[in-house]
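See below for the structure under consideration.
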Amino acid sequence: MEERCILLDNDDKILGDVSKKDCHLMENINKGMLHRAFSTFLFRPADGRLLLQKRATEKITFPDLWTNTCCSHPLSIKSEMDGIDGGKNAAIRKLYHELGIQEVEQNDLIYLTKIHYLAPSDGLWGEHEIDYIYIATKDVSLNLNDNEVSDAKWVSIEELKEMMADGVSQFTPWFRIIVEKFLFPWWTELMGKEGDKDARSVEYLRDELLHRMV
């Protein structure tokens, strides 16, 4: 919790750094504290299935909820502070740390957009982030870190829709935002390509906007 996250203003300009603990306290979030994050969506090339993870019970925010492949924070270090490329470096670091994935490289990660959202987890902890969203297609091997991830599975579009409607499966708020506003059109476009799926084929869907969800 003492890792240094990137402190931002509302336009994604860097103001400094802040501890991971402090930027997730609702006391600070309610005063406007905002930090940078990333969300990665990894699809299997052969069939276009999306890798979901279930957050571990030990997680401070949103434990035991399903979410996208990997979601975390660029740190306030030189290699992770440069916007899109910094987010890619952070994603590579965390894909390995959480899921044991070693195959994903920088050029596999396709940036598509970013969102600004706020979500309380409980009375003490929450999220207030500008979240950079990446997709990738890659064959990978998994080795789950039990302190971070309690389960993982590959799902189709139809299976994810069923999970989100079944009244049993629960999801992180940022995942729901991204799915409901962006993911299904991106995913449908990806699935429309013949042969193995390649995230680069939908890079033209990228926008340069910061979508406000607060």
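One gets the working numbering by counting positions in the sequence shown from 1 and adding 272 to each.
Every residue, glycine too, gets a C-beta built ideally from N, C-alpha and C.
Remember, predicted model here, so these are calculated numbers, not experimental data.
Bridge partners - residue i, DSSP secondary structure assignment
| i | result |
| --- | --- |
| Ala424 | Gln325 |
| Phe315 | Leu322 and Thr409 |
| Phe339 | Strictly speaking, residue 339 in this sequence is Thr, with Phe absent from that position. Gln325. |
| Val290 | Cys277 |
| Ile402 | Arg308 and His388 |
Local conformation of residue i per DSSP, three classes
| i | result |
| --- | --- |
| Gly304 | coil |
| Ile387 | strand |
| Leu217 | Since the first residue of the chain shown is 273 and the last is 486, residue 217 is not available in this structure. |
| Gly395 | coil |
| Arg472 | helix |
| Ser351 | helix |
| Ile278 | strand |
| Arg484 | strand |
| Leu297 | strand |
| Ile382 | strand |
| Ile356 | helix |
| Ile364 | helix |
6 Å Cβ shell around residue i - same chain, five flanking residues per side excluded
| i | result |
| --- | --- |
| Lys410 | Glu375, Val376 and Asp380 |
| Ile301 | Gly398 and His400 |
| Ala362 | Phe310, Pro346 and Glu352 |
| Lys378 | Checking the sequence, you will find Gln at residue 378 rather than Lys. So the list reads Lys360, once near-sequence residues are dropped. |
| Leu367 | Cys342, Ile373 and Val376 |
| Ser422 | Lys326 and Ala328 |
| Val412 | Ile373 and Glu375 |
| Asp294 | Asn300 |
| Asn415 | Gly372 |
Own chain residues within Cβ distance below 7 Å of residue i, not counting five before or after
| i | result |
| --- | --- |
| Glu461 | Val474 and Leu477 |
| Ile278 | Ile286, Asp289, His307, Arg308, Pro346, Ser348 and Met353 |
| Asp403 | Ala309, Phe310, Ser311, Lys386, Ile387, Tyr389 and Trp446 |
| Arg472 | Ile382 |
Residues near residue i by beta carbon distance below 8 Å, same chain, minus five either side
| i | result |
| --- | --- |
| Glu275 | Ser291, Lys292, His345 and Leu347 |
| Asn419 | Ala328 and Glu330 |
| Asp281 | Leu287 and Leu306 |
| Ile364 | Val376, Glu377, Gln378 and Leu381 |
| Thr333 | His296, Ser393, Trp397, Gly398 and Glu399 |
Any C-beta of chain C under 8 Å from that of residue i
| i | result |
| --- | --- |
| Lys386 | This model lacks chain C altogether, as it is built from one protein chain only. |
### Every unbroken alpha helix (DSSP H) within the stretch 416 to 466, with a cutoff of 4 residues, ordered by chain
429 to 437, 445 to 450 and 456 to 463
### Message
Whether or not the stretch 380 to 389 and the stretch 425 to 439 are in contact is what I'm after, with contact meaning three or more pairs of Cβ atoms, one per stretch, closer than 8 Å; do they touch?
### Response
no
### Task
Give a yes or no on contact between the stretch 405 to 422 and the stretch 300 to 317, applying the rule of three or more CB pairs nearer than 8 Å.
yes
#### Entry: the stretch 436 to 450 touching the stretch 336 to 346, judged by at least three CB pairs closer than 8 Å
yes
### Message
With three or more beta-carbon pairs closer than 8 Å as the criterion, would you say the stretch 279 to 290 touches the stretch 412 to 428?
### Response
no
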